[in-house]
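Residue numbers (the numbering used here): 74 to 443. The beta carbon of each residue, even a glycine, is placed where N, CA and C say it ideally should be. Contents: one structure, followed by commentary.
Right, dumping it as structure tokens:
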């Protein structure tokens, strides 16, 4: 007997050599999957990436590593199992008829399509990151707002195309006839998704009218914060508490919206209360010095007003009104703090002090006749 005759031994309708080929395909596939995946990523990166940007290459690899790995893994198992046949004794029907073979074929096709479009989606995501990086280098905020929206549109189109491919290849549906049939139920779908359509139209209105841009500080209702992202359905606002509030786009379009970000200046109005022991000359000197401080400060304009206005219950009230030459919140609070410290120094310099709520009780001494 030849030493290699054992290769022709049949088990479950497959010879030993078929099983060896199957194992070799899995083994070499496991060894080669990483370098092949790396090579494919390099090719795709040359198409959609920036070869001079090393950080971009790292981001790209992290996005495409998993989908490409699973895609190649599916191919390895496909070629491996194709080297074997199902035993006739199992009585399995052909893959063209409903049975285990058809189910396995459909599952494989679905997973293969899934990994392909997963790879495409991740590539679109990387393109979005790259364009976002470019947009951040420009002064305009329009591209900061438009690019995420365009990337979302691209992702939706990829998902729709993936669904069409799955319907046509996995479920063997006539996509053209299916699209025509959707016309009949279009009204019902439109009614069911009325709110989604309103939000989508709201997003287009925001882009066309530009009531705000990404980075602007807006107030809508009780919500005040910086706009982080305008999406299909909603807009994300980062409040000063660092929480994220998601506002439906239709609400933004229909509601009264105050865009604080387009203000050329920010107004500050405070009242300081001086003690009643402060003399008229002291009040005049304090008012004049604070007025001079406001007028000469580099972050304020010339419209500031400092006036002694009211006799309070416990204090002599001086109004301080000024405008900070920046819509930026950080610049506002920094300037306000600096001026507040100076006001304290001015009041102390003129030997006055700040009042706090007090009450005086007068006891009348009466002579009681007996």
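Review point. Between the stretch 214 to 229 and the stretch 170 to 185, do at least 3 Cβ pairs fall closer than 8 Å?
Key: no
Check your understanding: Secondary structure at residue 306, three-state DSSP: helix, strand or coil?
Key -> Locating residue 306 in the chain shown gives position 233, counting from the first residue. Residue 306: coil per DSSP, three-state reduction.
Exercise for review: Please report how far the alpha carbon of residue 216 lies from the alpha carbon of residue 206, in whole angstroms.
Suggested key: Counted from its first residue, the chain shown places residue 216 at position 143. Counted from its first residue, the chain shown places residue 206 at position 133. Cα to Cα, the separation comes out at about 11 Å.
Check your understanding: Taking Cβ to Cβ, would you say residue 374 is nearer than 8 Å to residue 396?
Key -> Within the chain shown, numbered from 1, the residue matching residue 374 stands at position 301. Within the chain shown, numbered from 1, the residue matching residue 396 stands at position 323. Yes, these two residues count as a Cβ contact at 8 Å.
Point to revise | With 16 other Cβ atoms within 10 Å as the buried cut-off, status of residue 275 | key: The residue labelled residue 275 in the question sits at position 202 within the chain shown. Buried is the call here.
**Study point:** Delimiting residues of the alpha helix (DSSP H) encompassing residue 221
**Key:** Counted from its first residue, the chain shown places residue 221 at position 148. Looking at the DSSP string, the run of the alpha helix (DSSP H) that includes residue 221 is 215 to 242.
Check your understanding: At what residue ranges does the stretch 341 to 402 contain a whole run of the beta strand (DSSP E), taking only runs of 3 or more?
Key -> 378 to 384, 389 to 397
Review point. Beta-carbon separation of residue 104 and residue 149 under 8 Å?
Key: In the chain shown, residue 104 corresponds to position 31, counting from 1. In the chain shown, residue 149 corresponds to position 76, counting from 1. No, Cβ-Cβ distance for residue 104 and residue 149 is not below 8 Å.
Check your understanding: In terms of DSSP beta bridges, what is residue 88 paired with?
Key -> Here residue 88 refers to the residue found at position 15 of the chain shown. Residue pairing for residue 88: DSSP places it in a beta bridge opposite 83.
Exercise for review: Flag this pair as yes or no: are the beta carbons of residue 15 and residue 192 separated by less than 8 Å?
Suggested key: Only positions 74 to 443 of the chain appear in this structure, which leaves residue 15 out of reach.
Practice item. In the DSSP assignment, find the unbroken alpha helix (DSSP H) run with residue 185 in it and report its ends. Key: Along the chain shown, one-based indexing puts residue 185 at 112. Note, residue 185: alpha helix (DSSP H), 173 to 209.
Review point. What are the boundary residues of the beta strand (DSSP E) that residue 330 is part of?
Key: For the purposes of this step, residue 330 is taken as residue 257 along the chain shown, with counting starting at 1. Residue 330 -> beta strand (DSSP E) spans 330 to 332.
Check your understanding: Apart from the five residues on each side of it in sequence, which residues of its chain come closer than 7 Å, Cβ to Cβ, to residue 194?
Key -> Against the chain shown, residue 194 aligns to sequence position 121. For residue 194, where only same-chain residues beyond five positions count, the Cβ hits under 7 Å are 228, 231.
Check your understanding: Nearest-angstrom Cα distance between residue 181 and residue 240?
Key -> Taking the chain shown and counting its residues from 1, the one referred to as residue 181 is at position 108. Taking the chain shown and counting its residues from 1, the one referred to as residue 240 is at position 167. Their Cα atoms are separated by approximately 14 Å.
Review point. What are the boundary residues of the alpha helix (DSSP H) that includes residue 326?
Key: As a position in the chain shown, residue 326 is number 253, starting the count at 1. Run containing residue 326: 322 to 327, per the alpha helix (DSSP H) assignment.
Review point. Any chance the stretch 332 to 352 sits against the stretch 379 to 395, with 3 or more Cβ pairs inside 8 Å?
Key: By the criterion of at least three beta-carbon pairs nearer than 8 Å, the stretch 332 to 352 is in contact with the stretch 379 to 395.
Check your understanding: So, is residue 328 buried or exposed, given that buried needs 16 or more other C-beta atoms within 10 angstroms?
Key -> Against the chain shown, residue 328 aligns to sequence position 255. Looking at its Cβ environment, which holds fewer than 16 other Cβ atoms inside 10 Å, residue 328 is exposed.
Exercise for review: Please name the residue or residues paired with residue 290 in a DSSP beta bridge.
Suggested key: Along the chain shown, read from residue 1 onward, the residue named residue 290 stands at position 217. Answer is 299, bridged to residue 290.
Review point. Roughly how many whole angstroms lie between the Cα atoms of residue 291 and residue 203?
Key: Within the chain shown, numbered from 1, the residue matching residue 291 stands at position 218. Within the chain shown, numbered from 1, the residue matching residue 203 stands at position 130. Distance between the alpha carbons of residue 291 and residue 203: 28 Å.
**Study point:** Backbone secondary structure at residue 158 - three-state DSSP
**Key:** Numbered from 1 along the chain shown, position 85 holds the residue referred to as residue 158. Shown here, residue 158 sits in coil according to DSSP, grouped into three states, outside any helix or strand.
Review point. What whole-angstrom Cβ distance do residue 109 and residue 145 have, given they're in contact under 8 Å?
Key: As a working note, residue 109 is residue 36 in the chain shown. As a working note, residue 145 is residue 72 in the chain shown. Going by Cβ atoms, the distance from residue 109 to residue 145 rounds to 6 Å, so yes, they are a contact pair.
Check your understanding: Just how far apart, CA to CA, sit residue 297 and residue 416?
Key -> For the purposes of this step, residue 297 is taken as the residue at position 224 of the chain shown. For the purposes of this step, residue 416 is taken as the residue at position 343 of the chain shown. Each residue's alpha carbon lies about 29 Å from the other.
Check your understanding: Going by the CB atoms, is the gap between residue 334 and residue 288 shorter than 8 Å?
Key -> The residue given as residue 288 occupies position 215 in the chain shown. The residue given as residue 334 occupies position 261 in the chain shown. Contact flag set, yes.
Check your understanding: Who are the near neighbours of residue 376 in its chain, counting only those whose CB is closer than 6 Å to its CB and skipping five residues on each side?
Key -> Within the chain shown, residue 376 is the residue found at index 303, counting from 1. The answer, listed in chain order, is 396.
Check your understanding: When you compare each of 401, 314, 129, 283 to residue 338 by their alpha carbons, which one comes out closest?
Key -> Counting from one through the chain shown, the residue named residue 338 turns up at place 265. For residue 338, the nearest C-alpha among the options comes from 401.
Exercise for review: Check the DSSP bridge columns for residue 406 and list the partner residues they point to.
Suggested key: As a first step, residue 406 is located in the chain shown; it is residue number 333 there, counting from the start. As computed with DSSP, residue 406 is found in no beta bridge at all.
Practice item. Take residue 278 and list the residues in its own chain whose beta-carbon comes closer than 7 Å to its own, dropping the five residues that flank it on each side. Key: One-based indexing of the chain shown puts residue 278 at position 205. Answer for residue 278: 326, listed in chain order.
Review point. Could you give the distance in angstroms between the alpha-carbon of residue 120 and the alpha-carbon of residue 152?
Key: Residue numbering aside, residue 120 sits at position 47 when the chain shown is read from its first letter. Residue numbering aside, residue 152 sits at position 79 when the chain shown is read from its first letter. Straight-line Cα distance between these residues: approximately 29 Å.
Point to revise | Nonlocal neighbours in the same chain, by C-beta distance under 6 Å from residue 200, ignoring five residues either side | key: Position 127 of the chain shown holds residue 200. The residues are 121.
Practice item. Report yes if the C-beta distance between residue 358 and residue 392 is below 8 Å; otherwise report no. Key: By 1-based counting over the chain shown, the position of residue 358 is 285. By 1-based counting over the chain shown, the position of residue 392 is 319. No, Cβ-Cβ distance for residue 358 and residue 392 is not below 8 Å.
Practice item. Note down the Cα distance separating residue 264 from residue 320, rounded to an integer number of angstroms. Key: Reading the chain shown from its first residue, position 191 is the one you call residue 264. Reading the chain shown from its first residue, position 247 is the one you call residue 320. Unreliable placement is indicated for residue 264, whose pLDDT of 47 sits below 50; the coordinate value is still reported in the next sentence. Answer to the nearest angstrom: the Cα atoms are 22 Å apart.
Exercise for review: Quick one: residues in its chain with C-beta nearer than 6 Å to the C-beta of residue 196, no 5 flanking neighbours on either side, listed in chain order?
Suggested key: For the purposes of this step, residue 196 is identified with residue 123 of the chain shown, where counting begins at 1. Answer for residue 196: 121, listed in chain order.
Practice item. Note down, in chain order, each residue of its chain lying with its Cβ closer than 7 Å to the Cβ of residue 260, except the 5 sequence neighbours on either side. Key: One-based indexing of the chain shown puts residue 260 at position 187. Residue placement at residue 260 is poorly supported in this model, since its pLDDT is 48, which falls under 50; the coordinates still yield a value, given next. None.
Review point. Comparing alpha-carbon positions, which option in 178, 410, 268 lies nearest residue 305?
Key: Residue mapping note: residue 305 aligns to position 232 of the chain shown, counting from 1. Of the listed residues, the one whose Cα sits closest to residue 305 is 268.
Point to revise | Proximal residues to residue 102 (C-beta, below 6 Å), its chain only, five neighbours per side dropped | key: On the chain shown, position 29 is the one that residue 102 refers to. So the qualifying residues of the chain are 149.
Exercise for review: Return yes when the Cβ of residue 427 is within less than 8 Å of the Cβ of residue 420, no when it is not.
Suggested key: Here residue 420 is taken as the residue at index 347 of the chain shown, counted from 1. Here residue 427 is taken as the residue at index 354 of the chain shown, counted from 1. In contact: residue 420 and residue 427 (Cβ atoms closer than 8 Å).
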